[in-house]
Each structure stands twice: as structure tokens, then as C-alpha cells.
Amino acid sequence: MELSKLPKVEENELFPKLPFKLSNVMHWDTWFEALKMVCEGQSCWEKVNPDIPSSMDNDYFLSPRIITEIECYETFMREVSMIDISPKSKDSLEYYLSIRNQRTKVVQVRQSKMAAVRTWIVSSIEPSVYLMAKENITDELNAMKYPPQTPDPLMEIEADRISLRRLVTHLQRKFGTDNVNLKDQI
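With UniProt numbering applied, the sequence shown covers 1 to 186.
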């Protein structure tokens, strides 16, 4: 992939601007602390933390699934069983749609925060490092056939299938001081 195909990055005043771009092991500790600060500020560290195993549920904020009419009615009946009313099927659908819309909006906000973190990561590492990491992770995912499709139709940024956790884990394996011989990087 060419450097010109990198995502456009806009500077964000809310995120720390580092005096370097991650390109070697000497930058790792400072970069990782800045990443953690960015993620905690966006309330998404649990989706990026490389110490947590990668999975669809762990790595992404997923939209609520669409349920069947029967599931909708059963859920509604459980919810309103404490209230003394006689619900109708139409009421259950309206109730479900309002709850689903609320949950979807929450997911959209969280996904936009993840997109902001992704933008910061891309802007804070050397472009060649990002491209190599993206290529390596894509190869791994293709070999695993994971995930078979975009995890969530609302995820425009995540369409490349590379979760932030996988990206950070890859960078940690490459640059983390616990995993790298310093002589190899100098």
C-alpha cells in the first residue's frame, strides 16, 4: 500500500501531540502512555487494551441485533409484567424500536470516539510502520478468515477489519520494551 493511501489525519487539540512518531522501541513507553490517556479520555480503553484477548465483543462496540417479532413481544411482556396494563403487539414493537434506537445512538457515539482514537494512532506513528502493521494484520486475519464480514454496518472506519486492539497488540509486539531486544532497534 502506498503512503498516499493513508487515511487523512486532522490534528485534534484534545489529544496529546507527541514530539515524535512511533518508529522504534525507545518511543514505545511514552507513546503507549499517551495512547492510554487518549483512550481513557474517550472511554474506550477496554476496547484497545492489548492485555485483553481480541474478539468481536471485546474489540468493537456492536449495534443491538435485530430481533424477531416473537422475541420482541416476549421481551416487552417481561418488561411490562410489573405494570398492570394489557399490552398489544403494536406496543411491543414501538417499545422495542425506541429501545433499539437509543442503544444504536449510544453505539454510534462510542464508535465515533473509537474513530477519533484511530485517527490519533495513525497520526502518531510513522506512516511506514502503520502500513506494515496494517498489511501484517490483514494477512493474519485473511489466514484465519476472521471476521468474515464487517462486524457492524454502522462501522465505516472499522470496515478494514483491523480492530484497534489488534493494531496496538501488533505494535506492542514490535516495539514494546518487554518483548524486544534493544540492540535490534538501535
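Quick reminder that beta carbons are idealized off the backbone N, C-alpha and C, glycines included.
Checklist entry - What number of angstroms, rounded off, separates the C-alpha of residue 65 from the C-alpha of residue 93? => result One C-alpha to the other measures close to 14 Å.
Checklist entry - Taking the alpha helix (DSSP H) that residue 132 falls in, what are its first and last residues? => result Per DSSP, residue 132 belongs to the alpha helix (DSSP H) from 127 to 144.
Next on the checklist: I'd like the list of long-range same chain contacts for residue 120, defined as Cβ closer than 6 Å, with 5 residues on each side in sequence excluded.
Outcome noted: Once the five neighbours on either side are set aside, the close Cβ partners of residue 120 are 15, 38.
Item to check | Alpha carbon of residue 170 to alpha carbon of residue 62, nearest angstrom | outcome: Counting only the Cα atoms, residue 62 lies some 23 Å from residue 170.
Checklist entry - Sorted by chain position, which residues of the same chain lie with C-beta nearer than 7 Å to residue 98's C-beta, five sequence neighbours on each side aside? => result If we look at residue 98 and ignore the five residues flanking it on each side, it has no Cβ neighbours.
Checklist entry - Could you give the distance in angstroms between the alpha-carbon of residue 124 and the alpha-carbon of residue 100? => result One C-alpha to the other measures close to 36 Å.
Item to check | Cα-Cα separation, residue 132 to residue 165 | outcome: The alpha-carbon atoms of residue 132 and residue 165 are separated by roughly 16 Å.
Item to check | Beta-carbon separation (whole angstroms), residue 43 vs residue 113, contact threshold 8 Å | outcome: With 8 Å as the limit, residue 43 and residue 113 qualify as a contact, their Cβ atoms being about 7 Å apart.
Checklist entry - What is the residue span of the alpha helix (DSSP H) that residue 164 lies within? => result Boundaries of the alpha helix (DSSP H) harbouring residue 164: 164 to 175, taken from the DSSP string.
Checklist entry - Who are the near neighbours of residue 48 in its chain, counting only those whose CB is closer than 6 Å to its CB and skipping five residues on each side? => result Residues 39, 164, 165, 168 of the same chain have their beta carbon placed closer than 6 Å to that of residue 48, with the five preceding and five following residues left out of the count.
Checklist entry - If you draw a straight line from the C-alpha of residue 41 to the C-alpha of residue 35, how long is it? => result In this structure, the straight-line span from the alpha carbon of residue 41 to that of residue 35 is close to 10 Å.
Item to check | Local conformation of residue 22 per DSSP, three classes | outcome: DSSP places residue 22 in the strand class (E or B) of the three-state scheme.
Checklist entry - Leaving out the 5 sequence neighbours to the left and right, which residues in its chain are closer than 6 Å to residue 175 when beta-carbon positions are compared? => result Setting aside the 5 residues that flank it on each side, residue 175 is surrounded in the same chain by 25, 28, each with a C-beta closer than 6 Å to its C-beta; the list follows chain order.
Checklist entry - Quick one: Cα of residue 58 to Cα of residue 69, how far? => result Approximately 28 Å between the Cα atoms of the pair.
Checklist entry - The alpha helix (DSSP H) spanning residue 73 covers which residue range? => result 69 to 80 is the extent of the alpha helix (DSSP H) around residue 73.
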